[in-house]
Amino acid sequence: MLTFDEAKHEYRWDGVRIPSVSEILASTLYAGRMDAIDPWYAQRGTCFHAAIALDHEDKLDEDSLDDSIVGFFKAYKLFKNETKFKAKTWEQRFYVAEWPYCGTYDAEDGFAVYDFKTGSRHWWHDIQVNAYMTPLGLVHGKLVYVKEDGTYKVT
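Residue numbering for the sequence shown follows my numbering, starting at 1110 and increasing by one per position.
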């Protein structure tokens, strides 16, 4: 059974510690290290992801959004409206036994897995989204960069 310790950001499969996609990237490619991210920006990203998860569940009160994520959420809504995006699953944790690694992807629609980013593009994001595609058997990964000015870009 897969478990996740939110405070430590640790995954376990049947009690055995399994590395995450982010940990593997950080340790092998020195990419995506959470300790290299300013905590304010990390918290902003966490709040944004919580907001879009609540929106997916039709439980978000948009008036409750913190000012620091309003523009990013507007960009997400614009993406959703323009692309007619409808997620089948959202914020799903997974375990890939063959390699082994764990992670949590943002969303998938049966065609592609989606990873939403509030920061700038980094070369390792493509590797990250590819690792998220594997457990789903999908061959398409989309990186959605939402901007504070309410715009977005999909790669």
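No residue lacks a Cβ here, since even glycine has one placed at the ideal position from N, Cα and C.
Here the structure is a predicted model, which is why all the values come from computation and not from measurement.
- Where residue 1218 is concerned, there is no enclosing alpha helix (DSSP H), because DSSP gives it neither an H nor an E.
- Residue pairing by DSSP places residue 1130 in no beta bridge whatsoever.
- Ranked by Cα distance from residue 1253, the options 1226, 1239, 1247 and 1165 are led by 1226.
- Note that the C-beta distance between residue 1157 and residue 1255 is below 9 Å.
- In this structure, DSSP gives residue 1113 an extended state, which the three-state scheme calls strand.
- Per the coordinates, the alpha-carbon of residue 1113 lies some 15 Å from the alpha-carbon of residue 1215.
- Burial is judged here by how many other beta carbons sit within 10 angstroms of a residue's own beta carbon; residue 1150 has fewer than 16 and is exposed.
- The C-alpha of residue 1217 lies about 23 Å from the C-alpha of residue 1152.
- A residue is called buried when at least 16 other Cβ atoms come within 10 angstroms of its Cβ; residue 1124 does not meet this threshold and is exposed.
- Uninterrupted alpha helix (DSSP H) stretches at least 4 residues long and entirely within the stretch 1171-1239 occur at 1176-1192, given in chain order.
- In this structure the stretch 1190-1206 lies against the stretch 1160-1179, because at least three pairs of beta carbons, one per stretch, are closer than 8 Å.
- Burial is judged here by how many other beta carbons sit within 10 angstroms of a residue's own beta carbon; residue 1146 has fewer than 16 and is exposed.
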